[in-house]
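> Numbering (the working numbering), first residue to last: 13 to 164. The beta-carbon is built from N, C-alpha and C at its ideal position, and this holds for glycine as well. Note that the structure is a prediction, hence the values are computed from the model and not measured. Would you mind keeping the following structure in view while I ask a few things?
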Ligand SMILES: [Zn+2]
């Protein structure tokens with residue numbers, strides 16, 4: 013779940029950082045509330061690793077310590093990651109092979125068209141990492157899986 017104003021902010025950041033010509037992305041920090049993950053904050057890859065945006069994304073894993081310290085500071089955890097694609101929102105071979113957080117249940121969101129337009133669940137990729145079982149694709153479930161709401 014994500015508040016609509018925060019979701020719009022995240023998409024604006026992704027669009028601005030990608031300049032319409034390169035992929036951008038970041039970690040989505042939040043809280044687990046039972047089975048529901050609530051997104052509370054966005055941590056852009058290029059704020060953690062200034063060299064991360066190279067057309068496609070190459071994130072330096074040694075910088076994860078900064079991510080964990082931000083989580084501790086804010087009292088949040090990484091609940092998902094998000095990145096843009098130039099075209100559609102299918103996972104690439106690289107995306108499938110390299111989960112940002114290789115933990116069962118981790119969610120990876122993909123925003124099409126470099127986040128050129130505001131898009132909502134139903135128009136984005138939503139993939140759940142299942143360890144050695146690969147990935148579950150929740151994209152078609154859209155708002156039934158990922159609710160973007162005006163209040164929360
Ligand atoms: Zn990708």
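Note down, in chain order, each residue of its chain lying with its Cβ closer than 6 Å to the Cβ of residue 112, except the 5 sequence neighbours on either side.
Once the five neighbours on either side are set aside, the close Cβ partners of residue 112 are 93.
> If you measure from the CB of residue 113, is any heavy atom of ligand 1 nearer than 7 Å?
Incorrect: residue 113 has no Cβ contact closer than 7 Å to ligand 1.
> Just tell me which of 19, 47, 46 has its CA closest to the CA of residue 39.
It is 19.
> Quick one: complete beta strand (DSSP E) runs, 3+ long, within the segment 100 to 158?
Runs found: 119 to 123, 137 to 141, 147 to 149.
> Could you give the distance in angstroms between the alpha-carbon of residue 147 and the alpha-carbon of residue 115?
One C-alpha to the other measures close to 11 Å.
> Verify the contact flag: residue 123, CB atom, against every heavy atom of ligand 1, threshold strictly below 7 Å.
No, the Cβ of residue 123 stays beyond 7 Å of every heavy atom of ligand 1.
> Assign residue 27 to one of two classes, buried (16 or more other C-beta atoms within 10 Å of its C-beta) or exposed (fewer than that).
Answer is buried; the Cβ neighbour count reaches 16.
> Across which residues does DSSP place residue 56 in a beta bridge pair?
For residue 56, which the question treats as bridged, DSSP gives the partners 38.
> Taking 7 Å as the cut-off, is the beta-carbon of residue 151 closer than that to any non-hydrogen atom of ligand 1?
Incorrect: residue 151 has no Cβ contact closer than 7 Å to ligand 1.
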